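Before any comments, here is the structure.
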Amino acid sequence: MLSRNPGLCDQCPGSLIIFIGNGPKIMYILSDVVTADMKINLNMNKKRILILHTGGTFGMMPTEPDQILAPGSLQKELINQVPELKKIADLTLEIPFNLDSSNIGIGQWEILGESISLQYNDFDGFVVIHGTDTMVYSAAAISFSFYNLTKPVIFTGAQIPLTQLRSDGRNNLIDAVELATMELPETAIVFGSKILRGNRTKKISITRYEAFDSPNYPQLGEVGLKIRLYNSNLWRPGGPTEYRPGFAARVGVIAVQPSMPTFAVRSILDSGLKALILTGFGAGNLPSVEPDWINFIREATGKGLVVVVASSSPHGSTDLSLYECGQSAMQAGAVDLGNMTVEAGYVKLMKILARTEQRDKIIADFGHNWSGERS
Ligand code: ASP
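As structure tokens, this is what we get:
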């Protein structure tokens, strides 16, 4: 049950604390409290953008890279470091949590989704500052939680903290805010020069400024001297916007390797999981003799699990009908991941499992294209 109890925060004048779900989140208004400054902005018809800061390298301090920032200092840093943001839009900053993204999962996806849904009508667009490590999972989670999104939800972050020399955080944030003012009815990631569909994206580099790519779908646009959107690549909403919360942590992923024994993971079949993604080779082929992964699939489907076969190759689509090894997996009950990313497939299964545990229904839902995640 949602409760909202606005109140003043002692440590951070000019801010509001709003309690949503189990924990407080702190909301700042990025002008000097709500003053004439904001009114001027409103008069100038600036778009209203909500920035949700969730943590990651972007906000970490250079001297203590492992320490989570206090929200107050983060607010100060954002205003000091990127004052020109206020020229682009009317901004409100909210800090629903401040975590290394390795610690982000279902609980945080729900907080984020709820925050966006509660304030959907109050803003023209949303920016989510997020750690790069699991950004694609969170972007997929939001894309699957909102049907027919009509406003931009733009994820971004940084490879180097905002307060350090040569940080990419500043440009990424400016690009994200500008994008959030545009006609982009999608959950997207902007990072470096690329604008990518969130549920199609993979993190491809730990060290490069171009940290993300979308191997099976073209870019939604590009950041150059100007921000350009490629309209024909954008997803179009086909009905009223609807927020559907819920994820079930009942999905496992196994990256099968040559000669990897099935006994190493057999216990997973009795663990209570309802779906399993097996990452195979090429078009979705798995070893069928010594070790016999086909028999493993047969056993899994016999126990009611949905088995999805993915590929270790990020580019292209799995096709279990191409080779004998793939065909045997299909005959044993496995289904294709298609050209979805493993990350999007994983989050989509969690979403489906929150609503149904019926095998046929899960498989049918998984095959549908919800928000551009597969083709
Ligand atoms: N460990 C960080 C995170 O994902 C890495 C980053 O933000 O780039 O939160």
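Taking my numbering, the leading residue of the sequence shown gets 6, the next gets one more, and so forth.
Cβ coordinates follow ideal geometry from the N, Cα and C atoms, glycine included.
Predicted model, so just to flag it, every value in this text is computed and none were measured.
Around the Cβ of residue i, are there at least 16 other Cβ atoms within 10 angstroms (buried) or fewer (exposed)?
{"i": "Y351", "result": "buried"}
{"i": "N236", "result": "exposed"}
{"i": "R360", "result": "exposed"}
{"i": "K308", "result": "exposed"}
{"i": "I209", "result": "exposed"}
{"i": "P11", "result": "With a pLDDT of 34 at P11, under the threshold of 50, the predicted position of this residue should be treated as unreliable, and no value is reported."}
{"i": "S272", "result": "exposed"}
{"i": "E378", "result": "buried"}
{"i": "P266", "result": "exposed"}
{"i": "G226", "result": "buried"}
{"i": "A216", "result": "buried"}
{"i": "P101", "result": "buried"}
{"i": "V294", "result": "exposed"}
{"i": "A269", "result": "exposed"}
{"i": "R255", "result": "buried"}
{"i": "D218", "result": "buried"}
{"i": "E5", "result": "Nothing about residue 5 can be reported from this structure: the residues present for the chain run from 6 to 380 only."}
{"i": "I45", "result": "A caution first: I45 carries a pLDDT of 36, below 50, which makes its placement in the model unreliable, though a value can still be read off. With fewer than 16 other Cβ atoms within 10 Å, it is exposed."}
Leaving out the 5 sequence neighbours to the left and right, which residues in its chain are closer than 6 Å to residue i when beta-carbon positions are compared?
{"i": "Y222", "result": "R202 and R205"}
{"i": "D192", "result": "Here residue 192 turns out to be Thr, not Asp, going by the sequence shown. Closer than 6 Å at the Cβ level, and outside the excluded window around T192, lie A144, I147, S148, V158 and G203."}
{"i": "Y152", "result": "E247"}
{"i": "I34", "result": "Legend: pLDDT at I34 = 47, less than 50; position of this residue unreliable, no value from coordinates given."}
{"i": "T346", "result": "K207"}
{"i": "G229", "result": "none"}
{"i": "Y328", "result": "N290"}
{"i": "Y125", "result": "none"}
{"i": "P296", "result": "P266 and T267"}
{"i": "D138", "result": "S106 and S107"}
{"i": "A349", "result": "A145, N204 and E378"}
{"i": "I121", "result": "F131"}
Considering Cα atoms alone, identify which of the options is closest to residue i.
{"i": "R175", "options": "P88, A145 and W240", "result": "P88"}
{"i": "R94", "options": "V294, N108 and A185", "result": "Checking the sequence shown, residue 94 turns out to be Ala, not Arg. Answer by Cα proximity: A185."}
{"i": "D173", "options": "L154, M187, F128 and K199", "result": "K199"}
{"i": "T62", "options": "W114, S122, N177 and A369", "result": "N177"}
{"i": "I194", "options": "E188, G162 and S316", "result": "G162"}
{"i": "S333", "options": "I302, Q124, L154 and I134", "result": "I302"}
{"i": "F131", "options": "N50, E183 and L234", "result": "E183"}
{"i": "V311", "options": "M335, M140 and R241", "result": "M335"}
{"i": "S264", "options": "L189, R241 and F286", "result": "F286"}
{"i": "Y214", "options": "I165, A269 and A253", "result": "I165"}
{"i": "A253", "options": "E348, M355 and G197", "result": "M355"}
{"i": "G251", "options": "D138, P190, K353 and L123", "result": "K353"}
{"i": "K92", "options": "I121, G118, S120 and N50", "result": "N50"}
{"i": "E362", "options": "E348, L283 and K279", "result": "K279"}
{"i": "I211", "options": "M140, L325 and L123", "result": "M140"}
{"i": "F196", "options": "S326, S120, Q224 and E348", "result": "Q224"}
{"i": "A339", "options": "G118, I111 and L283", "result": "L283"}
{"i": "A181", "options": "H373, D127 and F160", "result": "F160"}
Excluding five sequence neighbours on each side, which residues of the same chain lie with their C-beta closer than 7 Å to the C-beta of residue i?
{"i": "K366", "result": "none"}
{"i": "T323", "result": "A288, G289, V314, A315, S316, D341, L342 and G343"}
{"i": "P245", "result": "N153"}
{"i": "A337", "result": "I299, I302, R303 and T306"}
{"i": "P220", "result": "K207, P319 and H320"}
{"i": "I357", "result": "I367, D370 and F371"}
{"i": "C330", "result": "N290, L291 and S293"}
{"i": "P403", "result": "Lying outside 6 to 380, the shown extent of the chain, residue 403 is not represented and no answer is given."}
{"i": "R364", "result": "G309 and V311"}
{"i": "R171", "result": "I165"}
Roughly how far, in whole angstroms, is the beta-carbon of residue i from the beta-carbon of residue j, given that I think they are within contact range, below 8 Å?
{"i": "L281", "j": "I259", "result": "7 Å"}
{"i": "R249", "j": "S150", "result": "6 Å"}
{"i": "K52", "j": "D129", "result": "4 Å"}
{"i": "E99", "j": "L55", "result": "6 Å"}
{"i": "I179", "j": "L90", "result": "7 Å"}
{"i": "L239", "j": "V133", "result": "Contact doesn't hold; Cβ gap of about 19 Å is too wide."}
So, for residue i: in the same chain, excluding its five sequence neighbours on each side, which residues have a beta-carbon less than 8 Å away from its beta-carbon?
{"i": "G136", "result": "T59, G60, G61, T62, F63, L104, D105, S106, S107, I109 and G162"}
{"i": "Q113", "result": "T59, P101, F102, L104 and S143"}
{"i": "S276", "result": "G257"}
{"i": "A369", "result": "none"}
{"i": "N374", "result": "S380"}
{"i": "Q262", "result": "none"}
{"i": "G118", "result": "A146, I147, S150, F151, Y248 and P250"}
Is there at least one Cβ from chain D nearer than 7 Å to residue i's Cβ?
{"i": "I179", "result": "Given the protein chain composition of this structure (a single chain), no chain D is represented."}
Should residue i be listed as close to the ligand SAM, given that the test is whether its C-beta is under 6 Å from any heavy atom?
{"i": "G197", "result": "Among the ligands in the structure shown, the ligand SAM does not appear; only the ligand ASP can be found there."}
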